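Data block below; observations after.
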Amino acid sequence: AVKIILDTDPGIDDAMAMAMLAGLPEIELLAITTVFGNADIAMTTRNALFLRRHLGLKAPVHQGAAGPLARPRGPGALHIHGDNALGGIALPPDTGERPDGLDAPAHIASLLRRHPGEVTILAIGPLTNLALALRRDPAIAGLARQVVVMGGAFGTDGRWGNVTPTAEANIHNDPEAAGAVLAAGWPVTLVGLDVTARCVLTTGRAAALRNRGATAAMLWQVSRFYAAAYARYDGLDGCCLHDVAAVALLAAPELFTCQTGRAHVVLDGPETGRTLLDPAPDGRHSACIGVDAPRLVDLFMATVMGPAGT
Ligand code: BDR
Ligand code: CA
Numbered sequence: 001a002v003k004i005i006l007d008t009d010p011g012i013d014d015a016m017a018m019a020m021l022a023g024l025p026e027i028e029l030l031a032i033t034t035v036f037g038n039a040d041i042a043m044t045t046r047n048a049l050f051l052r053r054h055l056g057l058k059a060p061v062h063q064g065a066a067g068p069l070a071r072p073r074g075p076g077a078l079h080i081h082g083d084n085a086l087g088g089i090a091l092p093p094d095t096g097e098r099p100d101g102l103d104a105p106a107h108i109a110s111l112l113r114r115h116p117g118e119v120t121i122l123a124i125g126p127l128t129n130l131a132l133a134l135r136r137d138p139a140i141a142g143l144a145r146q147v148v149v150m151g152g153a154f155g156t157d158g159r160w161g162n163v164t165p166t167a168e169a170n171i172h173n174d175p176e177a178a179g180a181v182l183a184a185g186w187p188v189t190l191v192g193l194d195v196t197a198r199c200v201l202t203t204g205r206a207a208a209l210r211n212r213g214a215t216a217a218m219l220w221q222v223s224r225f226y227a228a229a230y231a232r233y234d235g236l237d238g239c240c241l242h243d244v245a246a247v248a249l250l251a252a253p254e255l256f257t258c259q260t261g262r263a264h265v266v267l268d269g270p271e272t273g274r275t276l277l278d279p280a281p282d283g284r285h286s287a288c289i290g291v292d293a294p295r296l297v298d299l300f301m302a303t304v305m306g307p308a309g310t
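In the numbering used here, the protein residues as written are 1 to 310.
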């Protein structure tokens with residue numbers, strides 16, 4: 001089994017990524033850590049607790065950072081993810097469930113210490129918790145197996161950003177944290193807009209999730225708000241599986257092509273949050289630049305769907 005810490009800001013595509021993780025038997029989820037991003041920390045944590053229960057995940061939920069390292073928190077993305085950040089679907093009334101811990105960075109550091117060389121960190125929100133974990137215990141940079149980040153954009157698909165013309169949301173939400181994560185010694189793979197914007201779940205495909213069990217039905221419901229937002233802002237028929245693509249990199253790396261180098265983040269000026277990759281064959285950073293999007297979407301569907309008519 002591949003040991004994973006999932007750091008997340010749910011979020012509709014985060015919910016889709018969690019559903020995919022729940023369907024992959026080779027994944028051992030050690031913890032779910034929450035971060036602000038698509039919504040404030042109270043909402044992303046509440047959503048993580050809801051999703052854990054709904055998806056039958058067994059991992060503890062540890063709440064993390066409420067805002068970026070060095071700036072005020074941005075507006076979030078409720079216009080894309082809905083007023084509860086899960087597409088406005090009806091959530092159960094407060095179940096009384098609370099996070100298992102309130103210090104995600106400490107928990108990340110202690111799991112890396114407990115399983116040296118074994119843990120993959122899968123980060124699908126702003127990188128604040130990872131940066132705080134490094135600050136607390138810099139040696140963890142030598143203990144992670146790898147760090148996979150949904151974030152950034154390198155322009156190979158003609159795109160440099162989704163929140164500004166040159167910045168992707170997870171990096172833009174805390175550029176200093178992203179810079180610290182890239183400056184640490186661990187190997188980082190960036191699954192950015194170059195590939196994720198091509199992984200589109202069309203509204204037609206999403207409708208096939210409707211009668212395929214409770215997980216798929218919930219994903220169909222949340223996808224409707226998401227697709228409406230993409231139609232509004234991008235003229236797209238469907239929605240981008242951003243965070244799902246980072247899960248797919250773990251499950252099926254052969255679907256991706258990557259470029260190796262040294263990545264860094266612009267920290268000031270109008271291009272704040274932009275990611276750049278200096279090519280270097282010996283670099284410890286890898287940026288995904290190609291993807292077999294149809295097969296990725298098929299893999300997502302096959303992983304989250306239950307039997308027909310359920
Ligand atoms: C990323 O930003 C968030 O809104 C999504 O959940 C995803 O992690 C895409 O840029
Ligand atoms: Ca996310």
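Idealized CB from N, CA, C, for every residue including glycine. Treat the numbers as computed from the prediction; the structure is a model and nothing was measured.
Separation of the CB atoms of L190 and V149 is rounded to 5 angstroms, and the pair is thereby assigned contact status at 8 angstroms. Between the C-alpha atoms of L112 and Q63 there is a straight-line separation of about 17 angstroms. Rounded to the nearest angstrom, the gap between the Cα atoms of I89 and T120 is 31 angstroms. Judged by DSSP in its simplified three-state form, R205 adopts helix. Distance from the Cα of V61 is smallest, within the candidate group L69, R71, F50, A70, for F50. Taking every protein chain shown into account, the CB of A104 has 16 or more other CB atoms within 10 angstroms, so this residue is buried. By the 16-neighbour rule on beta-carbons within 10 angstroms, H172 is buried. The closest heavy atom of ligand 1 lies 7 angstroms or more from the beta carbon of D194. For the segment 98-167, the full-length alpha helix (DSSP H) segments reaching 4 residues or more read 104-114, 128-136 along the chain. When distances are taken from the beta-carbon of G37 to the heavy atoms of ligand 1, the shortest one is below 7 angstroms. Taking 8 angstroms as the cut-off, the beta carbon of A131 is found no closer than this to the beta carbon of I140. Fully enclosed beta strand (DSSP E) runs of no fewer than 3 residues occupy 188-191 of the segment 170-231, in order along the chain. A heavy atom of ligand 1 is found nearer than 7 angstroms to the CB of A77. Measuring C-alpha to C-alpha distances from A197 to each of M218, N162, A216, A22 identifies N162 as the nearest. Excluding sequence positions up to five before and after E271, its CB lies within less than 6 angstroms of the CB of T166, all in the same chain and listed in chain order.
Beta-bridge annotation (DSSP): T33 is paired with D7, H62. The beta carbons of V222 and G87 sit closer together than 8 angstroms. In the displayed model, P279 falls within a strand according to three-state DSSP. If you draw a 10 Å sphere on the C-beta of E26, you find fewer than 16 other C-beta atoms in it, and that means exposed. Note: H285 is bridge-paired with V188, G261 in the DSSP secondary-structure output.
Taking 8 angstroms as the cut-off, the beta carbon of D174 is found no closer than this to the beta carbon of L236.
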